[in-house]
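Inspection log for the structure reproduced underneath, given as structure tokens.
Here is the structure:
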């Protein structure tokens, strides 16, 4: 408590910004109670992320699994709005931080929220199981809420572009491996696989687990709440956003637009007209 | 002064955020000293913008001229990165304010800074004239600094796309009209025209005044400093950014990318390879 | 249609970015069909905003009423997160556009969405009236949905700080005046006043119309849909955001924090600890 | 190359977005040539960051050193504008990605650029040494450019708050250790220490290496160019930004301002006044 507590105004101001994350005095920085110099070089970057978000250090195996999920979603190419925005922004005369911010900002409910929604669904099913429902029944009930008439979208499954998203089976295998090693429980992997089977049965065709569903499995196994899933995705995709902003900035484009410079856009509004008599 | 000055901490905290712009007490809001209810409906929106930025109210004619310049630069179509970003962001599941923020954020030195740079140049020339240099000589000296070897870019002149930007002559005519009516002095219009002539003589072809140069003339005539020119451009372009974000949001696109959905991008990196032995 | 339609790829690319807002060819810019040089200096800035968002020009009286609402919400002081963020950002070494973007970005559901929610409520009540329900009954039904047990929050009414928000009665008076002059219909003003009365009766104390409710009345009278209300608020508050960013940038602060520089924050996390044995 | 090269428009559009970073086909994702499923779980998160930015995989020791630097700068508490903005934004009704974007956006030249500037200085000195100048002379010349009259600011040294920044000596020790192990060359550590000594001699008091200087040493040793230093800082600080946004969002604040809710700000503008007669 740094305030001069004899000055109630200062104490009130300092309390307004209270936190459990970081403590500082001149020459001293502690994160969650650990002196920062004792952390640097001793815990991995994913372990630092975990400590900052959760308050306690993970085991090395937990940190590695987190790092694998973070590494899996770094990029999906310039057709993704976030990546395209990073590249265009990098040609507009702003710092690389601002190019990244414009891009990160669009990782919203549609572009960045599927993992959060998938983990929320997995969590509902897990809660049903905690209350005594069998996996198959809990999955069926969860699907019923998402696909009441057999159609509808289940977050974490299916991909517009990839018949099978190559990241998903690999991540699921890592989750299974971690479960076998006792690092995680394995329940979210079970739920995801049961969902995949049940969706295929309902749809009559495979709608496989995608990257959002697969990272949700891992984040859920590791105990992260759904809302943090989007935050973790931001940390992950920021890497691709930076890489693309950087690559673009090494070229000499100015005000890069979405289409080749000599193209325009189709205009479909009203034809030429005069101002009403005034 | 609202703080209980007997509490030095509170007073220090409140002083930390002191401003000359707005005063508030419960039931009272004053902008630059004017009760807000006396401003609403009595001064135009451009006059409010002026009051907020400059501290005093403009004349009606000054406010109209400011409004004309603000209205001129609202849009330049979806090939502009700012507009494209607004449209893509609107499909990503963020609020319309966030779609606008991602777009406004890229109005940087390259995409939004030409007006500021043009007005800085005009101001250098005006300062030379204040020191007794004739217009033609001051213009020549200013150009010499920008085009030492006859080539180079002069901010506010020339356009990649428009042989003549249709907004520029119209804005210049408004500035001339305002000068004839005594609303402004007319010096920045003189400087811009002299620059246009001198650039054409140096280049051997016309490089006409563009929208950035023309709005810089008006903002300069009205007494705005160069750095505010970019801020005014943001207010102006925000209108087009909002219009495009809104139009896009009325359609059903999800995660709109820069190219048609069935297209990819060209990959030019290394061919397929295996991880080094590990 | 600018594409060389003999090149199907180019046509497909140009159609991907089609719009009804702006048409361009070299030397030609048309907004909603009007040549831009015919608009500049002939229609006010609020009329340009209207044209861009709605597709048609407003009457002068409609544009003035829009301008009054836009002018009313420009600022609410540095305690508002948007304004504080603009000021802090201005000290961090980013362009004024980026300082504005960081601030505009937080005008979300809580900070910028009350007007949208208020107009949605007004619209529900208006729709009930269209279906034959009397004003008082439609208002009661609307309130019942928002305050089922007599408590709850009604968007557009009440203010944490102002017993009566001085902007609201002034804006409502302007709406009434415009209704008397036949500029608008007056129905949303009726609905807002009826709501105010009914809320007071339920709560046993006045919970007066606030700035969000009052601007929603005007935007609704003028025919804007609820979702655009937030966009209009962004245009309005951007003025205050720019003014504060500008004022701050004229001072010499670097990395301005929320509290006086010599203060810290209260730390409430775990006490000092050693890394677990590793 | 995915385009139907018989369609020149499509090929032109796809080339407009060409990249060396990522290749995709349905069911296939390769980063820098490596199938993504071969990377996931086999390379650490810092190694993925390196691969994306540099095009080649680092050694495990290089990746660990990068991770240590990334972990060191994750947070500096709520007095930093970036952290304060993240917390305020989290109370305004925007997604966690948007809260992060508003914060990341302010890591500009002043708040996020010192590492870049420090590495640029180290690089100038290294280039002098490559040209045959001895370390001490190259350092003296570099300082002369930054502190021509013995005063002035040298990026990477000194701290407003910490007499000695506890992160810097720890990072420098890691760089030394890596140099002894042959992972890096050690030259930037030499330069930083020589600068520290020379600054102290000029100033007559110690101005020790700070976090920006220490991370610049490591990023320089690892071969990153100065401009990427800011991008790496963004990746690092994003962790603290997320942690604070998340902590704040778990509380129930709405529109959190910079000061306690019952405080205002000091107003220092003109006193109350009437509109000029109109």
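Residue numbers (my numbering), protein chains in the order written: chain A, -17 to 260; chain B, -17 to 260; chain C, -17 to 260; chain D, -17 to 260.
Every residue, glycine too, gets a C-beta built ideally from N, C-alpha and C.
None of these values were measured; they are calculated from a predicted model.
Taking 9 angstroms as the threshold, the shortest C-beta distance from residue 6(C) to chain A falls below it. When 158(A), 100(A), 122(A), 164(A) are compared, the shortest CA-CA separation from residue 207(A) is found for 100(A). Taking a Cβ-Cβ threshold of 9 angstroms, the residues of chain A close to residue 212(D) are 77, 78, 79, in chain order. Excluding its 5 nearest sequence neighbours in each direction, residue 33(A) has C-beta neighbours in its own chain below 6 angstroms: 14, 39, listed in chain order. Residues of the segment 244 to 258 of chain A with a C-beta atom less than 8 angstroms from some C-beta of chain C are 245, 246, 247, 248, 249, 250, 251, 252, 253, 254, 255, 256, 257, 258, listed in chain order.
No Cβ of chain B is located within less than 9 angstroms of the beta carbon of residue 135(D). For residue 5(C), the uninterrupted beta strand (DSSP E) run begins and ends at 4 to 7, by DSSP. Put simply, the CB of residue 1(A) is near chain D, with a gap under 9 angstroms to one of its CB atoms.
Inter-segment contact for the segment 69 to 86 of chain B and the segment 209 to 217 of chain C is present: three or more beta-carbon pairs are separated by less than 8 angstroms. Residue contact with chain A for residue 83(B): present (Cβ-Cβ distance below 9 angstroms to some residue of chain A).
Around residue 160(C), the same chain offers 47, 166 as residues with beta carbons nearer than 6 angstroms, after the five sequence neighbours per side are excluded. Secondary structure note for residue 10(D): its beta strand (DSSP E) is the uninterrupted segment 10 to 13.
Per DSSP, the continuous alpha helix (DSSP H) segment holding residue 171(D) begins and ends at 169 to 185. Bounds of the alpha helix (DSSP H) holding residue 79(B) are 78 to 86. Put simply, the segment 188 to 203 of chain D does not touch the segment 50 to 60 of chain A. Fewer than three CB pairs are less than 8 angstroms apart. The CB of residue 162(A) never comes closer than 9 angstroms to any CB in chain C; the least such distance is about 24 angstroms. For residue 194(C), the enclosing alpha helix (DSSP H) begins and ends at 193 to 203. Residues of the same chain with their beta carbon placed closer than 7 angstroms to that of residue 116(D) are lacking, with the five preceding and five following residues left out of the count. For residue 44(C), the uninterrupted alpha helix (DSSP H) run begins and ends at 42 to 54, by DSSP.
Assigned with DSSP and collapsed to three states, residue 17(D) falls in strand.
Interface criterion not met: the Cβ of residue 182(D) is under 9 angstroms from no Cβ in chain A. Minimum Cα-Cα distance from residue 61(A) among the listed residues 102(C), 72(C), 8(C), -2(C) corresponds to -2(C).
Taking a beta-carbon distance threshold of 9 angstroms, residue 63(D) does not count as an interface residue toward chain A.
With respect to the C-alpha of residue 200(B), the residue from 8(B), 20(B), 45(B) having the closest C-alpha is 45(B). Below 8 angstroms, too few C-beta pairs join the segment 242 to 260 of chain A and the segment 234 to 241 of chain D to call them touching: fewer than three. Take the alpha-carbon of residue 88(C) and the one of residue 204(C): they are about 26 angstroms apart. Cβ contact annotation for residue 95(C) (same chain, cutoff 7 angstroms, sequence separation greater than five): 212, in chain order. The beta carbon of residue 105(A) sits closer than 8 angstroms to the beta carbons of 202, 208 from its chain, once the five residues preceding and following it are set aside; these are given in chain order.
Each residue's CA atom was taken as its position, placing residue 42(C) and residue 222(B) some 21 angstroms apart. Apart from the 5 residues on each side of it in sequence, residue 147(B) sits with its Cβ closer than 8 angstroms to the Cβ of 141, 190, 191, 192, 193, 196 in its chain, given in chain order. Under the three-state reduction of DSSP output, residue 1(B) falls in the strand class. Residues of chain C whose Cβ lies closer than 7 angstroms to the Cβ of residue 91(A) do not exist; the shortest such Cβ separation is about 12 angstroms.
In this chain, the alpha helix (DSSP H) harbouring residue 101(C) covers 96 to 112. Under the three-pair Cβ rule at 8 angstroms, the segment 244 to 254 of chain C counts as touching the segment -2 to 8 of chain A. The C-beta of residue 87(C) comes closer than 9 angstroms to at least one C-beta of chain D.
Taking the Cα of residue 65(D) as reference, the smallest distance to any Cα among 114(C), 238(C), 254(C) is reached at 238(C).
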